[in-house]
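Note sheet for the following structure.
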Amino acid sequence: MKSNRQGVLVSAAPFIHVRESTASLMLLIITCLLPSLAWSVFLFGSDVLVIVGVSVASAMAAEAGLSLVRRPGTLMDGTALLTGLLIGFSMPPSVPLYIPILSSVFAIAVVKWSFGGLGANWMNPAMAGVVFSHVNWPGALNSWKAPRFLTGVDGVSSVTPLGLLRSASENVEGPPMDLLREAGYRISSLDKALTARLNEGILSGLGARLPEGYVDLALGIRPGSLGEMAGLFLLAGSIILVARRVVRWEIPAACALVFGILVRLFGTGSEPLFSGDVLFAFFTGSFLLVTFFCATDPSTSPMSRPGLLLYGSGVGALIFLFRRYGAGSEGSAYAVIIMNCLVSLLDSALPAARSRRRSVASQGVGN
Amino acid sequence: MTVIRTFKYGGITIPPKRLPIEYPVMTAFLPTDALIPLRQHSGAPARRVVEVGESIREGQLVGKAAGAGSSNIHSPIPGIVTSIQRLPDLQGGQVEALAVALEGSFDRLGRKPETFPWKGMSKHQILRTIADKGVVEDDGSGTPLFERLHDPKGTRGACVLVISCLESDPWNSSGLAILKERGEAIREGIAILQRGLSPVRTLIAVDDPESPFLDRPARTEPGDEGPSVEAVLLEPRYPQDLPALLKEALSGKKAPSEEMIVLTVGTVASVYDAVALNRPQIERYITVTGDAVKTPGILRARIGTSIGELLEECGGFSSAPECIVLNGPFRGSAVADLDFPILKTTKSVVALTSAETHRHRTTACLRCGRCILACPMRLDPSRLFKCIVRRQVAEAVSEGLGACTECGSCAYLCPARLPLVQAFSLARKGAFKAGAAGGKTA
Ligand code: SF4
Ligand code: SF4
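Listed in order, the protein sequences are those of chains A and B. Going letter by letter, the first sequence gives residues 122 to 488 in the numbering used here. Going letter by letter, the second sequence gives residues 88 to 529 in the numbering used here.
Printed below as a string of C-alpha cells:
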C-alpha cells in the first residue's frame, strides 16, 4: 500500500549524547588558557597577541590545507587551534615571528598529519613543535624580556629565574631564592607589598613566613615564555578541566607528586640534599603549563589508570632530570614527547587492564 | 532501607526525564485501522490464521505461534481484515502485517471484567494460559514468557523471582504508570507467578523512593497473604534494568546460589490479564514524550494503533522533531513512518529535538577513556571499535565483544561521536554468522 514503508526503521542507537563533543572539549581547554593569555598581554604588552595570533593562524592554516587533502572537516574540531595556542604560549615574548609560524606548521604538517591526524598522534604535536623551535633557534628562544612591575632590569639580556640559578649555583650552595637575590635578581615592589601583607595577615597566625620572591613567581612577574607566566591562573584552569573530566586527574597528580619528591630530595640545582625548594620548582619554567595542559592531552596519553599513573610519574621524573642535569634549563617538552612515545607500550602491556577484559570475555553474554 | 544499592561498575546517571508519578494516564482512542504485524516477539513470525475479507472479533487469535521464540497474536479490535501488508521489522528485514478496519461490537471493552478463579489452576495450566494469551516479556526482548518460565525437564533448582519496576531508560514512564494504575493487578499477578514458579523468595526492585510498592509490596487482604514479597530500593542508574546488572545490584557482594528470574511489572500485569481476566495481550501503556511533543503523556493504547495517532493525541509536535524513537533513545529504533504500529514490545514513543540529541560530526577517537569508565560490562569500547574498524573481529571477540549488551552508555558519552554501538552490533551479527564468536549463551 505505502511504498515508503521500506526500511524506515533506523537502528543508530543511542539517539542522544552528552553535550560534550570533541570541539566543545577543545574549546573548554582553550577557554581555561585564556586568562593566562590575558595576563600575559597585561605583563608584556600587545606583542603577545601578535605572537600567539600568528602561531594559531599558521597552525590552523596548515590544518586546513592538510585536511583538504587527507580528511575533510577536521579544522573545526578545535585541536589545531589548541596546538597553535600552546606553541604560542611556549615562545619568549621577544621571539621573531617566523619561529612560531614554522614551529606550528611543523607541528601540524609533520607531526600531526604524518600518521593521519587526530586519533593517530604518536606524540603531542604542540610539544613536538616546541622542541623543534628549541633545536633550531636555541638563541632566539633564550632571550627574555622583563615583564611589567620589574623595573630597572636590563630588557633584552634578562634571564629566567631557572637560567640565572643555573649560572649562579655553579659553585655555591643555598636556597634558590637567596642565590638569585645575590646574583642580582630583582623582586618587584608588588611582591614585597603582597608578601608583607600575607605574612602579617594570614601566615603569622599560622606561625609561617613567606620569603620574598614567591608572589612574583606565582603571578609570573619574572622573565619567561608567554603562557607559563600566570601559575595561579593555570592552576585555576586546570581545576576546571579536572572537575569536568576533560583531564584525567591521574596524570597531573602523579606528575606533580614525583616531580615534587625528586625536587625535595635533590633540589633544582643549588640546594643541599633533602631540602629542595618545591614551591620554587613548581612555579618556575613551564612546569605547570606542561603538566596540566600538554602532558594531559588525551590522544597522546594512556587510557588505563595504572597507565596514566605511570605516564604521569614518567613525565614528572623526566622534567626533573632535564631541569636538574640537562643541557638547557628547561626540558618539559622533551619529557612529554618521550613519554608520548611510550604510551602504546603502557596501554598494551599493563596486566591489570588486560586481565579484567579477559575475565569478561570468558563470561559471555551477561544475562 | 539503609543502603541504596546499585551495580558496581560503569553505567550513567542522568536526571530522569520520566513524567511525574501524579501524571494522569489517558486511554487512547481505539484505532479505526489497526496494523498488526505477525512478529511482535523474539522468534519467527506467527503463522497467519485469518484471510483477507474475514471478519474477526476483539481478542481473536490471528497469528499462531510457530516454533521457539514465537508467540500467539490476537486482534486488538473487532473488524474486517482488509489487506496484508509488509512492514519493516524491528529485528531487520520485513514482516507480514494484517490491516484491520474497525467494525462490529467489542466483546470486552466497556464490560466489567470477570475474574477467573485461577487459584484452582495447576502450575501447568497457568503456564499454558500464559502461552495461549500470547504474553511476551516487556523487557524489550519480546521473549515469550512461557519459554522463560517453562521448565520441562524439571531441572530448575530453587529460584528467586525478581519483579523489576525499573524503567528501561530515563525517558520511559510506563512502568510507573502501570504500578500506579494497576497496583492490585500486579500484586495478584505476582501471586500467580509465585504459584507458577514456586520461588524461594520474591523481590521487587524499585528505583523510585515514591513508588507505592515500597511500603506495601504484597497483597494484604486478611487470610490471603500468600508468599511474602520484599521491596528493595535501588539507585536510579542506567542501564540497571539489564538482568545481569540488576542481579549484581540486588545481590551485592555475595553471588546468589539460586537462579534469579527477572520480570518487569509490565510482564506481571500481562500475566494477571491473561490468567485472572482471561484476556490476551492486546493493550500497552505507552509513554509519549520528548521535547518535541506538545503535551507528553502516558497512553493506554491498543496494539496496532499507529504512533502518529498517539502523537496527535498528545497535541502533536511543539517543534520539529529531529528523530522519533521507539522504546527509548538509548536502545530504541528511529521510525520515519508515523503509520508504524504499536507492538507488544513497544514502551515509548520519544520525539527528540536537536537540543536533546546533541548530534555532532564524528571525529577521530580522542582516547579520552570515557567509554571505558561507562561500560557496565567492563569492556574497552574504544579498543573494540578500533579492532572492528581494522576488520579484526576475532580480536574484538577475544576482548569481550560477546559480553556487550548494546546498552549505548559508551556511545552516549563519546565526545568524538563514534558509532560504537552500531559497529558492535554489526560485528556481532557478522561474527556470529561466521561461527567465530565465543561467549554467546542462550
Ligand atoms: S554498548 Fe556494549 S560496550 Fe558500550 S557500554 Fe554498553 S555494554 Fe559496554
Ligand atoms: S569515549 Fe569516544 S573518544 Fe573517548 S576513548 Fe571512547 S571511543 Fe574514544
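Glycine residues also receive a C-beta, built at the ideal position from the N, C-alpha and C atoms.
In chain B, which residues lie less than 7 Å from residue i when you measure between Cβ atoms?
i: residue 198 of chain A; result: 450
i: residue 420 of chain A; result: 453, 454
Determine the chain B residues that contact residue i at a beta-carbon separation under 9 Å, and present them in chain order.
i: residue 369 of chain A; result: 455, 456
Can you tell me the Cβ-Cβ gap for residue i and residue j, rounded? I've got them flagged as a contact below 8 Å.
i: residue 146 of chain B; j: residue 133 of chain B; result: The pair is not a contact, with the Cβ atoms about 15 Å apart (cut-off 8 Å).
i: residue 397 of chain A; j: residue 406 of chain A; result: In fact, because the Cβ distance is near 14 Å, the residues do not count as touching under 8 Å.
i: residue 429 of chain B; j: residue 392 of chain B; result: 5 Å
i: residue 439 of chain B; j: residue 377 of chain B; result: 5 Å
i: residue 324 of chain B; j: residue 492 of chain B; result: The pair is not a contact, with the Cβ atoms about 14 Å apart (cut-off 8 Å).
i: residue 379 of chain A; j: residue 434 of chain A; result: 4 Å
i: residue 204 of chain A; j: residue 180 of chain A; result: 5 Å
i: residue 374 of chain B; j: residue 106 of chain B; result: 7 Å
i: residue 172 of chain B; j: residue 122 of chain B; result: 7 Å
i: residue 353 of chain A; j: residue 340 of chain A; result: 7 Å
i: residue 368 of chain A; j: residue 417 of chain A; result: 4 Å
i: residue 236 of chain B; j: residue 284 of chain B; result: 6 Å
i: residue 348 of chain A; j: residue 154 of chain A; result: 7 Å
i: residue 58 of chain B; j: residue 143 of chain A; result: Lying before the first or after the last residue shown, residue 58 of chain B is absent from chain B, which here runs from 88 to 529.
i: residue 404 of chain A; j: residue 319 of chain A; result: With 8 Å as the limit, residue 404 of chain A and residue 319 of chain A do not qualify as a contact, their Cβ atoms being about 15 Å apart.
i: residue 162 of chain B; j: residue 143 of chain B; result: 5 Å
i: residue 425 of chain B; j: residue 398 of chain B; result: 7 Å
Taking residue i as the query, report the chain A residues whose CB atoms sit under 8 Å from its CB, ordered along the chain.
i: residue 439 of chain B; result: 136, 137
i: residue 444 of chain B; result: 136, 137, 138
i: residue 447 of chain B; result: 138, 142, 143, 144
Please determine whether the Cβ atom of residue i lies at a distance below 6 Å from any heavy atom of ligand 3.
i: residue 466 of chain B; result: No copy of ligand 3 occurs in the structure displayed; its ligands are ligand 1 and ligand 2 alone.
Q: Can you give me, in chain order, the residues of the segment 450-465 of chain B that have a beta carbon less than 7 Å from any beta carbon in chain A?
A: 450, 451, 452, 453, 454, 455, 456, 459, 464, 465
Q) Taking Cβ-Cβ distances below 8 Å as the criterion, which residues of the segment 133-155 of chain A are in contact with chain B? A) 133, 134, 135, 136, 137, 138, 139, 140, 141, 142, 143, 144, 145, 146
Q: May I ask you to list, following chain order, the residues of the segment 472-505 of chain B that have a beta carbon less than 7 Å from some beta carbon of chain A?
A: 485, 486, 487, 489, 490, 492, 495, 498, 499, 500, 502, 503, 504
Q | Complete runs of the alpha helix (DSSP H) confined to the segment 251-280 of chain B [at least 4 residues] | A | 261-268
Q. Relative to chain A, which residues along the segment 391-418 of chain B have a C-beta separation below 7 Å, given in chain order?
A. 410, 412, 416, 417, 418
(Q) Quick check on the contact list: which residues have their beta carbon closer than 7 Å to a heavy atom of ligand 2? (A) A:424, B:452, B:453, B:454, B:455, B:456, B:457, B:458, B:459, B:468, B:469, B:472, B:497, B:500, B:501, B:502, B:503, B:505, B:507
**Q.** Runs of beta strand (DSSP E) lying entirely within the segment 423-454 of chain A, each at least 3 residues, in chain order
**A.** none
Q) Considering only residues of the segment 92-145 of chain B, which uninterrupted beta strand (DSSP E) runs meet the minimum length of 3 residues and lie entirely inside it, listed in chain order? A) 112-114, 120-124
Q.
Using a Cβ-Cβ cutoff of 7 Å, what residues of the segment 418-442 of chain A are near chain B? List them in chain order.
A. 419, 420, 424
Q. Can you list, in chain order, the residues of the segment 197-213 of chain B whose Cβ is nearer than 8 Å to any Cβ on chain A?
A. none
Q: Enumerate, from N- to C-terminal direction, the unbroken beta strand (DSSP E) stretches of 3 or more residues contained entirely within the segment 149-211 of chain B.
A: 166-175, 181-189
Q: Could you tell me which uninterrupted alpha helix (DSSP H) segments, each at least 4 residues in length, are contained entirely in the segment 422-474 of chain B, listed from first to last along the chain?
A: 441-444, 457-461
Q.
If we require 4 or more residues per run, which alpha helix (DSSP H) segments fall completely within the segment 167-214 of chain A?
A. 168-190, 200-210
Q. Can you list, in chain order, the residues of the segment 161-182 of chain B whose Cβ is nearer than 9 Å to any Cβ on chain A?
A. 170, 172, 173, 174, 175, 176, 177, 179, 181
Q. If you scan the segment 324-352 of chain B from start to end, which runs of the alpha helix (DSSP H) of 4 or more residues do you find wholly inside it?
A. 330-338
Q) Fully enclosed by the segment 320-384 of chain A, which alpha helix (DSSP H) runs are 4 residues long or longer? A) 335-340, 352-364
Q | Whole runs of the alpha helix (DSSP H) within the segment 209-263 of chain A, excluding any shorter than 4 residues | A | 219-226, 246-257
Q) Which runs of the beta strand (DSSP E) fall wholly inside the segment 482-515 of chain B and span at least 3 residues, in chain order? A) none
**Q.** Completely contained alpha helix (DSSP H) runs for the segment 351-420 of chain B, where each covers 4 or more residues
**A.** 352-362, 394-400
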